[in-house]
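Residue numbers (this note's numbering), protein chains in the order written: chain S, 13 to 547; chain P, 13 to 547.
Just so it is clear, CB atoms sit at the ideal spot from N, CA and C, and this is done for glycine as well.
This report refers to the structure that appears directly beneath it.
Number of protein chains: 2
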Amino acid sequence: MSEISKVEAARPRGFADRDAADIAAAEAMMTKIREVYALYGFEPVETPFVEYTQALGKFLPDQDRPNEGVFSFQDDDEQWLSLRYDLTAPLARYVAEHYERLPKPYRSYRAGWVFRNEKPGPGRFRQFMQFDADTVGASSPAADAEICMMAADCLEALGIPRGSYVVKVNNRKVLDGVMEAIGLGGEENAGRRLTVLRAIDKTDKLGMKGVSELLKDGRWDGGEPGKGDFTRGAGLSEQQAERIRWYVGGANPETRHLQEGYGFDASFQPGTDVSSKALFQISNMDRIERLCAIAPHNQLLREGLDELRIIARLIDAGGYDEQRIGIDPSVVRGLEYYTGPVFEAELTFPIDDEHGRPVRFGSVGGGGRYDGLVARFRPDPVPATGFSIGVSRLLSALKAINAPIVAQAQKPGPVVVLAMDKDRMADYQKLVKTLRDANIAAEIYLGEGKMNAQLKYADKRGSLCAVIQGSNEREAAGGPQVVIRDLALGAELAKANKDRADYLEMRAKAQVAVPEAEMVERVQAILARAGAPLL
Amino acid sequence: MSEISKVEAARPRGFADRDAADIAAAEAMMTKIREVYALYGFEPVETPFVEYTQALGKFLPDQDRPNEGVFSFQDDDEQWLSLRYDLTAPLARYVAEHYERLPKPYRSYRAGWVFRNEKPGPGRFRQFMQFDADTVGASSPAADAEICMMAADCLEALGIPRGSYVVKVNNRKVLDGVMEAIGLGGEENAGRRLTVLRAIDKTDKLGMKGVSELLKDGRWDGGEPGKGDFTRGAGLSEQQAERIRWYVGGANPETRHLQEGYGFDASFQPGTDVSSKALFQISNMDRIERLCAIAPHNQLLREGLDELRIIARLIDAGGYDEQRIGIDPSVVRGLEYYTGPVFEAELTFPIDDEHGRPVRFGSVGGGGRYDGLVARFRPDPVPATGFSIGVSRLLSALKAINAPIVAQAQKPGPVVVLAMDKDRMADYQKLVKTLRDANIAAEIYLGEGKMNAQLKYADKRGSLCAVIQGSNEREAAGGPQVVIRDLALGAELAKANKDRADYLEMRAKAQVAVPEAEMVERVQAILARAGAPLL
């Protein structure tokens, strides 16, 4: 052959392939999610991967250049196009474009790949899948409540046991009200508010001491002065910081004596969940009343709490207690576009972190109300609320607890009919056809390997049995036969002690010659024994 | 509200949204295809949407600029990335990258969106879906035969009746051999060969007369001199052209007297299929023998025909006659990378063209052997063959024949529990929960509309029934009741003559008050009557 320089077989960084096992597990999971969403009256909708950058709201501030975080390219008419960054902005475009013909409220779901032009890392991809559900055109907190219940139902339907998850609910109006109450209202404090929100968001990870540092002067990442990087704090006074700590702990100064073991005391350790530590011991309604006491006269706080009250009442009527769907003041949710209730679905069971230390699994999805997003396109306001699942993160959670829905997703490989004699391919074609007609996945070995290589191939495919017909079988005295080889039993046999009492019996079972007419029945018996689902 | 300039809610040209009905139909179709592919031992695999432009082989010839037909952008390390153009080039990259750990032969399938930066038009999108199956690492024509059988099985499983489709098979070696035989071999004739292949490819559309013109001096698109655009011909002599006509007609000079009614005679009309007109009357083996007579001493032709013989023998053993899988010399398949057998799945039933004239539906997929594609990445040759279905094209075919698999794909809308009294949302939440617990898709109406608007909403969702509980029902003497409204029957009633003997009976059935405890049973009865599948 001539010396041609070869192209490297490589993927761009942050883009992954998915093999059969991955796809089967993800599909099993998503089929179940779809079932739950359909039960709630949500219907599927899909938008394309490419949108006008402008429709996604992804231009850099004050510039005609797309945000670097999105993959963008110019169309032949010079307009900027981008790969979608999430599924919410395209949904807003979809609803605005098809507004008149859609039923309203419009309840829809969609699973889809999204793209971020960011630095990839372990478990961080530039293409990943989200599974969203949204209700557009409903301003009622009942729509938010329903989405929280649906998220909880979803997790249970997937096999996450009650007590191992919590859907946390908060309200951006509550957060904003508290900010106002401690004197951080107004445009001029936007930066400090963001710092405070970021600190609150880290409660689970850092504990109250760390949060306190971030609220005041700042914090060393290593936990003590000079260790790691320094993160600047929000510069709150001790009094302001204390009110935030009360807020996060769901407490108020007057009831402090009741708060033994509460999040904000010294016993609270980093890595422990505030909710599980303290809030879980009181009902959602009581949590709301306590939050009210933080700043009883703040209008925004009261409005937010009123919405949470409606949500609390509905989830209670739906039969969900605060261990499953819990009001939690520490939920922030980063995205700027949230305007009301916000949710976060967290898994509370531990997994090992990169250092082998147990940590809570954490968030697998979240969402909230975004009343302003569709209004970007339309003259009239269109309220909306939604929830997004991180598909690969939830999938790894299900793998971590060995949930049957994913553990049993992959089917065994096909029955392999060995190609013993290349001149007899037509005969093998008939055998394989007979198996397929009986709804058994089957194939003729189509490579160049000899018998051993063919059996190895069958093993590699995860096949449960192989069908063999050489000249001996074909010309058997009583008519054509096939040898059926039980590959699972064969593997066991290879490892077994030959002195075992049942060795010969096993060997006889592992490979047996039968008349062609009995092939299907024998193969079915082997598949059934292995508990293999038929197609 | 302030006067903010709104963003236009629009999609870029050639990118489509998919609504619930579209998605349900496509999913039903693809689930069936997956089942057939699995039965043949193929397993799913997925590659990302973005690849190195180089890996796709999509740079412009002799330039460092990507082909304009692909969407491309530069990564932060300056390397060019592209959205995938088809699913074959990414598969070749995948197999080359993971070669050592894959079972060989490697049989896989994948459905996925692909992107073409081309001018969109009616039914022509810049994002569309393909469904591919490929066997990599098998040089045997048995692999090609199997893919043809799988394609035929697929079409039948989807509800396309036998006789309404044909999987046509040809071989690039046969085409190349014929070119050599008429003196068009060699690098210097590459351009003319392409013109001849394009002419052959148009046999179905133009008939023999049109093909003849394209083979010789050229053809006016309008069918007569001066009408429409002129397409230059290949400049063949009448003698050369006649041999091509014999070839396309599956004929040879010596047996010409046998070919009454054959494609190449004057009676052959544009729009008629050569195969159905003539070839269909003879067996695959006879077709091959006739083709051999075109140039019995040409090595390439003989090699190609030997491969077709193996294929013909295997499909015969599989029980497929030439009406289902037929050798057809007019199949060309445009893509340059094919190296051996090529296939085209055609639907033979008529649909109306844009002028209302009946035309054959035509191709819904095709493929062939591409032994060179994986070798771009690897030092050793890796044979491969595959088949690709155009998902939206096949879907429109199934819609055209009203195939049950897509006609019955969409489920009815959810049961809608009306929100009669906003203070009673918790009650409605309990009702809806009861329905969902019985696996009935249900929702509370979450908008602002009054009763009529709520019922209209339920109609728009395609709901079969609504559940109503006002104060009368809630405070009924014997305990709380609900009104169950049968929306299908209600619609009938609205159109019915009030003098009908059964009018009152119908009306009583269309809306009935029952105790809360009977709600589920009554709703189930309405769903069952409508033949609605439960979730």
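Just reading off the alpha helix (DSSP H) that S/Ile327 is part of, what are its end residues?
Gln311 to Ala329
Simplified DSSP state of P/Val48, which is helix, strand or coil
helix
With a threshold of 9 Å between beta-carbons, can S/Ser483 be considered close to chain P, or not?
no
Check for me: the alpha helix (DSSP H) holding S/Leu103 runs from which residue to which?
Thr100 to Glu109
Counted within 10 angstroms of its Cβ, other Cβ atoms place P/Thr43 as buried (16 or more) or exposed
exposed
Which residues in the same chain have their Cβ closer than 7 Å to the Cβ of S/Ala307, if we skip the five residues on either side of it in sequence?
Gly189, Val190, Ala193 and Leu313
C-alpha distance - S/Thr243 paired with P/Phe143, whole-angstrom precision:
51 Å
Within a Cβ cutoff of 7 Å, which residues of the same chain sit near S/Leu467, ignoring the five residues on either side of it in sequence?
Ala478
Near-chain P residues of the segment 432–443 of chain S (beta-carbon distance less than 7 Å), N- to C-terminal order:
Met437, Ala438, Gln441 and Lys442
Excluding five sequence neighbours on each side, which residues of the same chain lie with their C-beta closer than 6 Å to the C-beta of S/Glu58?
Arg122
Give the residues of chain S in contact with P/Arg390, contact being defined as C-beta atoms less than 8 Å apart.
Lys18 and Ala21
Beta-carbon neighbours of P/Pro73, restricted to chain S and to distances below 7 Å
Correct list: empty, because the minimum Cβ distance to chain S is about 15 Å.
Going by beta carbon distance, what residues of the same chain come within less than 6 Å of P/Ala489, once the five residues before and after it are set aside?
none
Kindly indicate the opening and closing residues of the beta strand (DSSP E) around P/Ala454.
Ala454 to Ile456
Considering only their Cβ atoms, is the gap separating S/Gly379 from S/Phe599 smaller than 9 Å?
The question about residue 599 of chain S has no answer, for chain S in this structure spans 13 to 547.
is_contact[P/Gln335, chain S] using C-beta, thresh 9 Å
no
Is the separation between the beta-carbon of S/Ala454 and that of S/Val494 shorter than 9 Å?
no
According to DSSP, is P/Val343 helix, strand or coil?
coil
Which of the residues in the segment 454–476 of chain S, read from start to end, lie with their CB under 7 Å from any CB of chain P?
Ala454, Glu455, Ile456, Leu458, Gly459, Tyr469, Lys472 and Arg473
Which complete beta strand (DSSP E) runs does the segment 106–179 of chain S hold, if anything under 3 residues is left out?
118–127 and 139–148
Going by the DSSP bridge assignment, what does P/Arg497 pair with across the sheet?
P/Ala478 and P/Gln523
Straight-line CA distance for S/Arg512 to S/Arg534?
25 Å
Neighbour flag for S/Asp208 against chain P, beta carbons, 9 Å
With the sequence shown as reference, residue 208 of chain S is identified as Val, and Asp is not the correct amino acid for it. Not closer than 9 Å to any Cβ of chain P, the Cβ of S/Val208 fails to qualify, so no.
Note down, in chain order, every chain C residue with its Cβ under 7 Å from the Cβ of S/Asp31.
The structure shown contains no chain C; the protein chains it does contain are S and P.
Anything in the segment 88–106 of chain S with a Cβ closer than 7 Å to a Cβ of chain P? List those residues in chain order, please.
Leu93, Arg105 and Tyr106
Could you list which residues in chain P have their beta carbon closer than 9 Å to that of S/Tyr64, in chain order?
Val19, Glu20, Ala22, Arg23 and Pro24
Minimum C-alpha distance to S/Glu80 - residue among P/Gln86, P/Glu80 and P/Gly425
P/Gln86
contact_flag[the segment 481–488 of chain P, the segment 170–185 of chain S] where n(CB pairs < 8 Å) is 3 or more:
no
At the level of alpha carbons, what is the spacing between P/Val286 and P/Asp216?
A caution first: P/Val286 carries a pLDDT of 44, below 50, which makes its placement in the model unreliable, though a value can still be read off. P/Val286 and P/Asp216: Cα-Cα distance of roughly 6 Å.
What does DSSP give as the partner residue(s) for S/Leu93 in the beta ladder?
S/Tyr64 and S/Phe85
Does P/Asp318 have its Cβ less than 9 Å from a Cβ in chain S?
no
Beta-carbon gap between P/Val19 and S/Ala67 smaller than 9 Å
yes
The segment 311–328 of chain S touching the segment 151–162 of chain S, judged by at least three CB pairs closer than 8 Å
yes
Which whole-angstrom value describes the C-beta separation of P/Arg105 and P/Glu55, a residue pair presumed to lie in contact below a C-beta threshold of 8 Å?
Actually they do not touch by this definition, with Cβ atoms about 18 Å apart.
What residues in the segment 125–146 of chain S bring their beta carbon closer than 7 Å to a beta carbon of chain P?
Trp125 and Gln139
So with CB distances below 8 Å, who are the chain S contacts of P/Ile35?
Pro56, Val57 and Glu58
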